[in-house]
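Residue numbers (the numbering used here), protein chains in the order written: chain C, 1 to 333; chain W, 1 to 444; chain E, 1 to 174.
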Amino acid sequence: QSTFNWKMTNAYGPGSPFYVEGPGSPTDFCAKVAAMSDGRLNIQHFAAGELIPALEGFDAVRSGAIEMNAANAYFWAGRIPAAQYFTTVPFGMNFAGMNAWLYHGGGMALWDELYAPLGLKALPMGNTGVQMTGWFREPITGVADLDGLKMRIPGLAGKVYAALGVDVTLLPGGEIFPALERGVIDAAEFVGPYQDRRLGLHNAAKYYYTTGWHEPSNTTELLIGSAAWDSLPADLKAIVETAAMACNVESYTWSEANNAAALKDLVDNEGVIADVLPDDVIAELKAVTDRVLEEGAAADPATRKVHDAFMAFKAEYKGWADISEKPLFSLPG
Amino acid sequence: MTPVPFTEILALCMIGAFFLMLLGGIPVAICLGATGLIFGYFGFGPMLFSLLPSRIYGVVTNYTLLALPLFIFMGIMLEKSRIAEDLIEVIGLAMGGIRGGMALAIILVGVLMGAASGVVGATVVTMGLIALGPVINRGYDAGVACGVICASGTLGQIIPPSLVLILLADIMGESVGTLFAAALIPGLMLSLLFVGYILALGILKPHLVPAIPAQERALTSGKQLAVKLVKVVLPPIALIVLVLGSIIGGVAAPTEAASMGALGSLVLALLAGRLDLSILTAAVRGAFITSAMVFLILIFAQPFGLAFRGLGGERLVQDAFSLVPGGLNGQILFLMVVLFVLGFFLEWIEISYIALPLFLPIFQSAGVDMAWLAILVGLNLQTSFLTPPFGWALFFLKGVAPPSIRTIDIYRGVLPFIAIQLLGVVLVFFYPSLALWLPEAIGW
Amino acid sequence: MLRFLNTAAHGASTLVRIIGQLSAWLGLALVMVVSFNVLGRYLAGIGSVALQETEWHLMAAGALLGMSYGLNQGGEVRVDIFYEKMSVRVQAFVDVVSTLLLLVVALVIAWLSIDYVQNSYSINEGSPDPGGLGYRYLLKAVLPVAFILLGLQAFAMFAHALTNLIRPVSPPSS
Ligand code: NA
Ligand code: NA
Chain C
1 QSTFNWKMTN
11 AYGPGSPFYV
21 EGPGSPTDFC
31 AKVAAMSDGR
41 LNIQHFAAGE
51 LIPALEGFDA
61 VRSGAIEMNA
71 ANAYFWAGRI
81 PAAQYFTTVP
91 FGMNFAGMNA
101 WLYHGGGMAL
111 WDELYAPLGL
121 KALPMGNTGV
131 QMTGWFREPI
141 TGVADLDGLK
151 MRIPGLAGKV
161 YAALGVDVTL
171 LPGGEIFPAL
181 ERGVIDAAEF
191 VGPYQDRRLG
201 LHNAAKYYYT
211 TGWHEPSNTT
221 ELLIGSAAWD
231 SLPADLKAIV
241 ETAAMACNVE
251 SYTWSEANNA
261 AALKDLVDNE
271 GVIADVLPDD
281 VIAELKAVTD
291 RVLEEGAAAD
301 PATRKVHDAF
311 MAFKAEYKGW
321 ADISEKPLFS
331 LPG
Chain W
1 MTPVPFTEIL
11 ALCMIGAFFL
21 MLLGGIPVAI
31 CLGATGLIFG
41 YFGFGPMLFS
51 LLPSRIYGVV
61 TNYTLLALPL
71 FIFMGIMLEK
81 SRIAEDLIEV
91 IGLAMGGIRG
101 GMALAIILVG
111 VLMGAASGVV
121 GATVVTMGLI
131 ALGPVINRGY
141 DAGVACGVIC
151 ASGTLGQIIP
161 PSLVLILLAD
171 IMGESVGTLF
181 AAALIPGLML
191 SLLFVGYILA
201 LGILKPHLVP
211 AIPAQERALT
221 SGKQLAVKLV
231 KVVLPPIALI
241 VLVLGSIIGG
251 VAAPTEAASM
261 GALGSLVLAL
271 LAGRLDLSIL
281 TAAVRGAFIT
291 SAMVFLILIF
301 AQPFGLAFRG
311 LGGERLVQDA
321 FSLVPGGLNG
331 QILFLMVVLF
341 VLGFFLEWIE
351 ISYIALPLFL
361 PIFQSAGVDM
371 AWLAILVGLN
381 LQTSFLTPPF
391 GWALFFLKGV
401 APPSIRTIDI
411 YRGVLPFIAI
421 QLLGVVLVFF
431 YPSLALWLPE
441 AIGW
Chain E
1 MLRFLNTAAH
11 GASTLVRIIG
21 QLSAWLGLAL
31 VMVVSFNVLG
41 RYLAGIGSVA
51 LQETEWHLMA
61 AGALLGMSYG
71 LNQGGEVRVD
81 IFYEKMSVRV
91 QAFVDVVSTL
101 LLLVVALVIA
111 WLSIDYVQNS
121 YSINEGSPDP
131 GGLGYRYLLK
141 AVLPVAFILL
151 GLQAFAMFAH
161 ALTNLIRPVS
171 PPSS
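Here you go:
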């Protein structure tokens, strides 16, 4: 029986909980695979910057120099526009719905179809759960408050906000705190209570809005080179798939538990005001999102295909969730 | 005892070859690039090198490095438009009979620029351009002049905002704000220690840091001096205030703020009637060359860093750590020694990535305060910018220094400051509240 | 032979100088673009993702194209503790070795980066941010171009150093 020594790079820096370290994280995935395979598949993990810079994992795996990379598929939106749909979609689906689509609604098959021509394969390996709208220095009482608001928000959501008059800035993670603290920006989006508290954002802005309309869940992508994958015997393939699934559940539940505790701490001890975005703001954001997504689908046939499949599944899933989970959460406490 | 693997021996050979070539007079960038490619190739074949373009692309597109070309532009514009020419001299005059006055001015500017910038090298290059020539012309010892510029220039790494602290926050799981607050007092303390050293030099070895002679000072009346101060000192100070003010006033994020300085230097030159096409062209080309030389070293450090990683250089560190006798303080001391030694041949980002993840789990489980440890690490990394032969600050200064400045002058000059910085590490080690009081007090 | 070498070296050096003098203005453009983005956001609340991305595009192109020009203008940094004590001939020998190594390293990296650009071109890589700059392979293509220019500059310096080694009087060239 042959032994495989692989390398995994990561889009996130050393020490980041969830993204690098901790239960269900990429390093935990490597440990799980090593244990389950009894050392036959050893994956050496490199956080961002240790071997290559944060967002270079896609090319590294494609070149064959690295076998695996942990990131979010939407980082590759400049290379494969449809990749966005495999991380999160604004007004898309939560953890349950997203994974129902991926595992059982044809999502994974579409993902494979999209990546195979590039010599790549992907598996979901983690999820942050629902994220937060972000931190605001001033309360948001209506759509008018968004006009001229300076917000750090990358990606598709940035384009949606921009249509409502938000001035979108793309500061790197490390500059969010000093910029928000001094009022260079009025608002910033990051992840959720646990990760945001770690960045100290509550010391820079007090209004913490929800919900994560822009990221109702967020999938961690395990990217694998097709050649490397094909070289694995069936049992090791099963181990990789199972470990990725285990991490998907474990990281999600870890996030839920830690976000719950962190939010309580932020509200009880740090004077953070957690609130829901006003209805008219949500309505506007939804209208623009529909338009933006439609534009993207119209521009690229592959995106069209994934978009339509995602939306069809979502419509059906929403019908079910509306009479199951939604009333459940409305039950008395 | 397990034998040391072949690749780790190669990693050691690579470091050895690098030093030999460096001391042999081969330019720094070439030493880094050639040893990295050659030893890396023998260690793991051609495959891993296909990652090299990714690393280089990562360096040149690294947003946080934007402050480098911008501050360099500001410094060169001040130099070429001759605005900086009289600056240090007038400060020297204003300091009167205080020996070391111009060096004190350099420290002050270093603190202010450090509070405006967080990038390695930006302050050193700017100060080297503006101040080195003038203070040597006024009879300062070349070593002292180089030392004070390098040391003051690296203060920006511990005085927030700072790239080093941002990276450490990420690696050590502390909030950026906590580390910024924790670093402020140690950073200012270090600045005061520098001031103390210069004042002591002025008393003990006055010929190294001469004041401007009394006869010459007498030639300028108090009123004339006041006018000169306004005309010469105000513009560059205004630039620093512009950069700092744009951060504090919420106009620009720390990296962007450098652009305010660069734009301001153009406006100043224009107002002074010194901005014609030939000066602009000279400044543009000069800034381009200086930035490029900084980037050349950063770019050529990539094959070296990749090879060190690929050869398992981090395992050398790990193996050494396993030999350390027990005791938490012993382990912290060992971490400090490792950081210091790695600083002789690696850049700080590589050091952070290689050394810290190995040690952190131990310290975390022992309940060590991570903010305190981060400041100790930050002070230590700052020292590594100064340690010969491979100290970034030394190379950056060498890159802009007049030809009369020899490498040995720079080495000689930084030694006392390295000692002072180590003293800073010791003080924070024995008095953790130097780092921990402020974040506690303001609730960060 | 040496004469032919020097003619070729002179041509290479001239090309590097001209390209460098032109690309030097990228630095001024960088100052203007970042300032515009900062002031535009603060004073008028305007901003564009493309202009923000332009910032680091300019820095990248400048940093890469500047390498060869910087060396062309004598900007290399070395530890001269022993070098300055060497005879002119030994210095020339060190320079021959240095420039030869530089030539090899530059060409190896140029060669490595061709695949990198090809990968980007084959999928028409653009910005992951909507509204960002497209054609990212053009930016990446600066990598091989810059390292080939660096190779040319290394060649010019090599010819100069070799001439000094063989005929220790420096010829009146660039
Ligand atoms: Na700083
Ligand atoms: Na060093």
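Just so it is clear, CB atoms sit at the ideal spot from N, CA and C, and this is done for glycine as well.
- A contact is defined here as three or more CB-CB pairs under 8 Å, and the region 272-281 of chain C meets this definition with respect to the region 205-218 of chain C.
- Here the region 19-35 of chain W makes contact with the region 77-85 of chain E; the two share three or more CB pairs at distances below 8 Å.
- In the three-state reduction of the DSSP assignment, C/Q131 falls in the coil class.
- Taking 8 Å as the threshold, the shortest C-beta distance from C/T169 to chain E falls below it.
- If you check each beta-carbon in the region 129-145 of chain C against every beta-carbon of chain E, none falls closer than 8 Å.
- Judged by DSSP in its simplified three-state form, C/L123 adopts strand.
- Just measuring C-alpha positions, the residue of W/V426, W/L244, W/I56, W/L78 sitting nearest W/P235 is W/L78.
- Membership of C/W229 in any beta strand (DSSP E) is not indicated; the residue belongs instead to the alpha helix (DSSP H) covering 226-231.
- For a Cβ distance threshold of 7 Å, residue set D59 of chain C lies close to E/Y116, ordered along the chain.
- Counting the other Cβ atoms within 10 Å of the Cβ of E/R78 gives 16 or more, which makes it buried.
- For E/E125, a Cβ of chain C is located within less than 8 Å of the residue's own Cβ.
- Taken in chain order, the members of the region 54-65 of chain E whose beta-carbon sits within less than 7 Å of a beta-carbon on chain W are E55, W56, M59, A60, G62, A63, L64.
- The Cβ-Cβ distance between C/T87 and C/R40 does not fall below 8 Å.
- Listed in chain order, the non-local C-beta contacts of W/P439 below 6 Å within the same chain comprise T178, A181, A182, local neighbours out to five positions each way being set aside.
- Taking 8 Å as the threshold, the shortest C-beta distance from E/V105 to chain C does not fall below it.
- Comparing C-alpha distances from W/V294 to each of E/Y69, E/T14, E/N6 shows the shortest one belongs to E/Y69.
- One Cα belongs to W/I203, the other to W/A211, and the distance between them is close to 11 Å.
- Under the DSSP assignment, E/N124 falls outside any alpha helix (DSSP H); it carries neither an H nor an E label.
- Here the alpha carbon of W/A307 sits roughly 51 Å from the alpha carbon of C/I140.
- The beta carbon of W/E8 does not come within 8 Å of any beta carbon belonging to chain E, so the residue lies off that interface.
- Near chain E, meaning a CB-to-CB distance below 8 Å, the residues of the region 12-40 of chain W are L22, L23, G24, G25, I26, P27, V28, A29, I30, G33, A34, L37.
- Per DSSP, C/I43 is one residue of the beta strand (DSSP E) stretching across 41-46.
- In the DSSP assignment, no residue is bridged to W/L208.
- Residue environment: W/K223 is assigned as exposed (fewer than 16 neighbouring CB atoms within 10 Å of its CB, all protein chains considered).
- The secondary-structure analysis by DSSP pairs C/L223 across a beta bridge with C/N69, C/A122.
- In this structure, C/I66 lies away from C/G78, with their beta-carbon atoms at least 8 Å apart.
- Uninterrupted beta strand (DSSP E) stretches at least 3 residues long and entirely within the region 18-102 of chain W do not occur.
- In terms of Cα proximity to W/S365, the closest of W/F396, W/G391, W/L328, W/W372 is W/L328.
- C/Y208: member of the beta strand (DSSP E) spanning 207-210, first to last residue.
- For E/V49, no Cβ of chain W is located within less than 8 Å of the residue's own Cβ.
- Within 8 Å of the CB of C/G174, the CB atoms of chain W belong to T64, L163, I166, L167, A169, D170, V176, in sequence order along the chain.
- Residues of chain E whose Cβ lies closer than 8 Å to the Cβ of C/W76 are, in chain order, P128.
- DSSP, reduced to helix, strand and coil, places C/W111 within a helical segment of the structure shown.
- Within the region 365-435 of chain W, the complete alpha helix (DSSP H) segments of 4 residues or longer fall at 370-384, 392-400, 407-430, listed in chain order.
- At a cut-off of 8 Å, the C-beta of E/Y137 has no neighbouring C-beta in chain W.
- In the three-state reduction of the DSSP assignment, C/N94 falls in the coil class, being assigned neither a helical nor a strand state.
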